[in-house]
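Heads up, the sequence shown stops at 407 in numbering that gives the first Met the number 0, and the numbers go up one at a time, no gaps.
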Amino acid sequence: MEDQSAIVLDVGSDNTKAGMSHNFPAELEPRVITPSELLVDGAAAGSSGGNSGAAHSNGGTSHTEGAKGQRLHPVVRGEIVDGDGFEALVHSCLYNQLGWELGAEGCIVMTEPVLTSRSRREWVTRLMFEVFNVAGLFFVDSASASLYAVGKTSGCVVDIGHGKVDVSTVLEGQLLSSSTRRLPYGGQDLTTLMEGMIKGRPGGPPPNAHTLDYAALKEQCAHAAENAMELERARLLASAQAGTSSSTGGDPSAAARPGTEPVTYTLPDGQEVTVRNEGLQVAEALFRPELLGQAGCPSVQAAVVSSTSTSYEGRAERPGLENILLCGGGSCIGNVGARLLSEVRALALPSLKPGLCTLPTYFPKSAAAYASWVGGAVMTKALLNQSQFISKWDYEEEGPVAGYRKCA
């Protein structure tokens, strides 16, 4: 098992990350960051009456149900919902983009979401050995891997993903499953909220409201308020300025005070849109899920305190709160870490001092968005040296349950 053959694969709801572990840390890794979606081939769909078609992901093919031109998502809110689509997506990453050749496959480290079921891991194990003929396989949960990325083995991981938020406590390298809290909202819900606020402005939506890329707009303007008072001030200011035409005129000080006055953003497609306090309200939804219509769902800060205090007879509370790691795409929201820390301190015991984990300075700036992949790359070096991979011999002897013999 050569180091060059070890690939780290992280299939998420929004993006799939894959790359060579021996190259990291480097700006070019993970070299594959591709949307986790497939396009149904129209010719194949038409040949079977439109009941099924070939789903393509950058060259990979698989037969799965879908109409002509339809985009399919094999992973939804952390769960694999389309097995054939998942296989096509992985095939595209390994053979078309990373350069694997049939008959010369290497080893794979797969990061999997917390709360992955036993049957799902066994299915993936069977897929890797029987379909992709891998030389070795290892599973690591995303929470533990994310902590490895920052050089920690204990802490509380807040993974703000595309379709969910997972809050998990890890103690001495082991995920405490009973501590995991899954919140049923994520980045796609924040995007929907942003779209609804822009189109439903009291003074009327902007002329280009129906053609805007709201995901890109959210990434640019979302910014967490320091506290509820700042958000209320921004709301009152926006109400006073509703119906007026205002722009920052390129003033950099305006961009430094998100939500305090209208700011004009230029999207990747060249369109411009003026944002008032929508950026603050989008970020606020993480701390007040009722803004997303999730009135009965706990907030992120409440989930952090609950996760650390109810696990392992309370012995994980101090190391968990003192090492809070924000990761996933939502971690890139401006000031979200400081706001979360402030909210957790208000809920935690006075004797505890909650703190945030930070990525090493030599890591790429965007590494927090794919921290689980980074942690998998860090772990791979030790796995190869210690021969910890599930081998073909292990799989032939034990079957799919081999995925649990060496992997927690």
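Note that the Cβ used here is the ideal one computed from N, Cα and C, for glycine as well.
Item to check | Opening and closing residue of the beta strand (DSSP E) in which residue 138 lies | outcome: Under the DSSP assignment, residue 138 falls in the beta strand (DSSP E) whose first and last residues are 135–140.
Item to check | Terminal residues of the beta strand (DSSP E) in which residue 34 lies | outcome: Boundaries of the beta strand (DSSP E) harbouring residue 34: 31–34, taken from the DSSP string.
Checklist entry - So the beta strand (DSSP E) residue 326 belongs to, where does it begin and stop? => result Residue 326 -> beta strand (DSSP E) spans 323–326.
Item to check | Pairwise C-alpha distance: residue 232 and residue 165 | outcome: In a straight line, the C-alpha of residue 165 is about 31 Å away from that of residue 232.
Checklist entry - Do residue 36 and residue 71 have their C-beta atoms within less than 8 Å of each other? => result Yes, they are a contact pair.
Next on the checklist: Are the CB atoms of residue 145 and residue 5 within a distance shorter than 8 Å?
Outcome noted: No, they are not a contact pair.
Next on the checklist: List, from N- to C-terminal side, the alpha helix (DSSP H) runs of 4 residues or more that fit wholly inside the region 130–215.
Outcome noted: With a minimum length of 4 residues, the continuous alpha helix (DSSP H) runs that stay inside the region 130–215 are 141–148 and 186–198.
Next on the checklist: Considering just the uninterrupted stretch of the alpha helix (DSSP H) at residue 15, what are its terminal residues?
Outcome noted: First-last for residue 15: 14–19, but that is the beta strand (DSSP E), not the alpha helix (DSSP H).
Item to check | Residues that residue 332 bridges to, as DSSP identifies them | outcome: Partner residues in a beta bridge of residue 332, as assigned by DSSP, do not exist.
Next on the checklist: Let's test the definition: count the other Cβ atoms within 10 Å of the Cβ of residue 221 and tell me whether it reaches 16, buried, or not, exposed.
Outcome noted: If you draw a 10 Å sphere on the C-beta of residue 221, you find 16 or more other C-beta atoms in it, and that means buried.
Checklist entry - Does the beta-carbon distance from residue 322 to residue 217 come in below 8 Å? => result No, Cβ-Cβ distance for residue 322 and residue 217 is not below 8 Å.
Next on the checklist: Under DSSP, the alpha helix (DSSP H) around residue 5 begins and ends at which residues?
Outcome noted: Where residue 5 is concerned, there is no enclosing alpha helix (DSSP H), although the beta strand (DSSP E) it sits in stretches over 5–10.
Next on the checklist: Quick test of your reading: residue 416 and residue 303, contact by CB under 8 Å. State the CB separation rounded to the nearest angstrom.
Outcome noted: Residue 416 lies beyond the stretch modelled for the chain, which goes from 0 to 407, so this question has no answer here.
Checklist entry - Taking the Cβ atom as the reference point for each residue, do residue 141 and residue 380 lie within a distance shorter than 8 Å? => result No, Cβ-Cβ distance for residue 141 and residue 380 is not below 8 Å.
Checklist entry - Since residue 281 is in the alpha helix (DSSP H), which residue starts that stretch and which ends it? => result Residues 277–283.
Next on the checklist: In whole angstroms, give me the CA-to-CA distance for residue 50 and residue 84.
Outcome noted: No answer about residue 50 holds up, because its pLDDT of 34 lies below 50 and its placement is not dependable.
Item to check | Expected contact under 8 Å - CB spacing of residue 86 and residue 130 to nearest Å | outcome: With 8 Å as the limit, residue 86 and residue 130 qualify as a contact, their Cβ atoms being about 6 Å apart.
Checklist entry - Distance, Cα to Cα, residue 346 vs residue 301? => result The alpha-carbon atoms of residue 346 and residue 301 are separated by roughly 8 Å.
Next on the checklist: I need the DSSP call for residue 80, collapsed to helix, strand or coil.
Outcome noted: In this structure, DSSP gives residue 80 a state outside helix and strand, which the three-state scheme calls coil.
Checklist entry - Just the Cα atoms here: how many angstroms apart are residue 372 and residue 200? => result In this model, residue 372 and residue 200 are separated by some 39 Å (Cα to Cα).
Item to check | Contact set for residue 330: own chain, Cβ-Cβ below 7 Å, skip 5 residues either direction | outcome: Correct list, in chain order: 159, 367 and 368.
Checklist entry - For the alpha helix (DSSP H) that contains residue 393, what are its first and last residues? => result Its alpha helix (DSSP H) spans residues 391–397.
Item to check | DSSP three-state assignment for residue 348, whether helix, strand or coil | outcome: Three-state result, residue 348: coil.
Item to check | Cutoff 8 Å; reference residue 256; Cβ partners in own chain excluding five residues on either side | outcome: The pLDDT assigned to residue 256 is 44, lower than 50, so where the model puts this residue is not dependable; a value taken from the coordinates is nonetheless given after this. Answer for residue 256: no residue qualifies.
Item to check | residue 228, buried or exposed, once every other Cβ within 10 Å from all chains shown has been counted against 16 | outcome: Counting other Cβ atoms within 10 Å of its Cβ, residue 228 stays below 16 and is therefore classed as exposed.
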